[in-house]
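One structure is given here, and the rest of the page talks about it.
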Amino acid sequence: MQKKTVFKISSTERGQTVTAVCCITDTGVLGQPALILLRKRMNPLLYEDPPNGTLSLISDTGYMNSHFFIDWLKHFYKHAKPSVEYLVLLIAHNPTSHCSPPAVLFYRENNITFLTLPPHSSHGLQPLDKCYFAPLKALYSSEAEKWLVKNPAKVITLYEVSGIFQKAYSATARVQLAEKAFRVTGIEPYNPDTISEVCCSPSLVTLAPLDNDCTVAVAPEENEVSPSTSQQMSVSSQSYYFLDMNNEELNGKENLKNLRS
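Using UniProt numbering, read the sequence shown as starting at 1 and increasing by one per residue.
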């Protein structure tokens with residue numbers, strides 16, 4: 001029996017870059033996100049229906065940089081309200097935009113302890129990557145498809161992104177999801193045994209045995225590279241975890257980047 005082909009409306013293959021900054025805490029509270037759109041000038045129509053408390057930004061590239069990160073830190077400080085009595089641990093990646101001199105000075109002056117994750121460890125240590133962004137991406141794609149069905153002969157532009165993102169963001173705002181994200185990464189409650197040593201070992205090209213007819217080429221000594229070493233880290237019970245989320249297309253196929261208290 002021949003299978004029936006079902007066609008589905010999709011947006012343009014090559015879209016514009018949009019960056020979203022999301023944050024969660026180990027108590028299940030979602031912080032106010034930020035959206036960075038690829039524009040030269042700000043237009044209020046771009047942010048008609050974003051999630052509550054969204055920080056609206058525009059840039060020439062659509063990506064996060066050191067200047068926008070300071071703006072986001074001020075936005076974060078306003079809602080997290082760290083103090084001498086209530087210190088905040090902010091866990092993040094370690095790109096240059098997060099470790100710039102103005103950012104470091106902001107941490108010191110506002111009672112924020114900044115901790116970066118080891119390189120190439122997001123698959124095991126990022127709470128948002130582990131449990132949050134997968135359903136967020138799926139819901140964003142679903143909402144984008146619904147919009148295309150309701151608006152035939154139209155494409156999703158930057159003016160529709162905030163509204164679609166708001167629906168997906170609100171649907172994933174669940175306390176259980178946030179608590180699970182920190183639990184499976186071993187951050188809260190603290191459990192160093194969650195991430196095994198095997199996960200931190202160097203990658204292997206293949207586990208398949210060599211055939212008898214195969215020969216192994218040995219590189220010259222001057223080209224030898226030492227294997228990478230794994231790093232260990234410990235985290236206190238109260239912390240924020242942050243991530244930048246980049247989506248290459250407006251139809252929901254986004255690369256994400258993360259936060260917590």
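Yeah, the Cβ is synthetic: ideal placement off N, Cα and C, and Gly gets one too. All values derive from a computational prediction rather than experimental measurement.
What does DSSP give as the partner residues of residue i in its beta bridges?
i     : result
LEU37 : VAL18 and ILE58
LEU30 : ILE24
Can the beta-carbon of residue i be found closer than 8 angstroms to that of residue j?
i      : j      : result
VAL88  : ILE70  : no
LEU38  : SER66  : no
ASN52  : TYR77  : no
TYR159 : LEU45  : yes
LEU115 : LEU148 : no
THR172 : PRO127 : no
ALA34  : THR54  : yes
ALA103 : LEU73  : yes
THR17  : TYR47  : no
PHE133 : PRO50  : no
ALA153 : ILE24  : no
PRO189 : ARG183 : yes
THR185 : LYS130 : yes
Just to confirm the assignment, what range does the alpha helix (DSSP H) spanning residue i have?
i      : result
GLY163 : 158–171
SER141 : 133–150
ARG174 : Run containing ARG174: none; DSSP gives neither H nor E here.
Any chance the CB of residue i is under 7 angstroms from a heavy atom of the ligand MN?
i     : result
PRO44 : The ligand MN is absent from the structure shown, which contains no ligands of any kind.
| Which runs of the alpha helix (DSSP H) spanning at least 4 residues fall entirely within the segment 68–130, listed in chain order? | Within the segment 68–130, the complete alpha helix (DSSP H) runs of at least 4 residues are 101–109 and 122–125.
| field | Three CB pairs or more closer than 8 angstroms across the segment 137–157 and the segment 188–199 | value | The segment 137–157 is not in contact with the segment 188–199.
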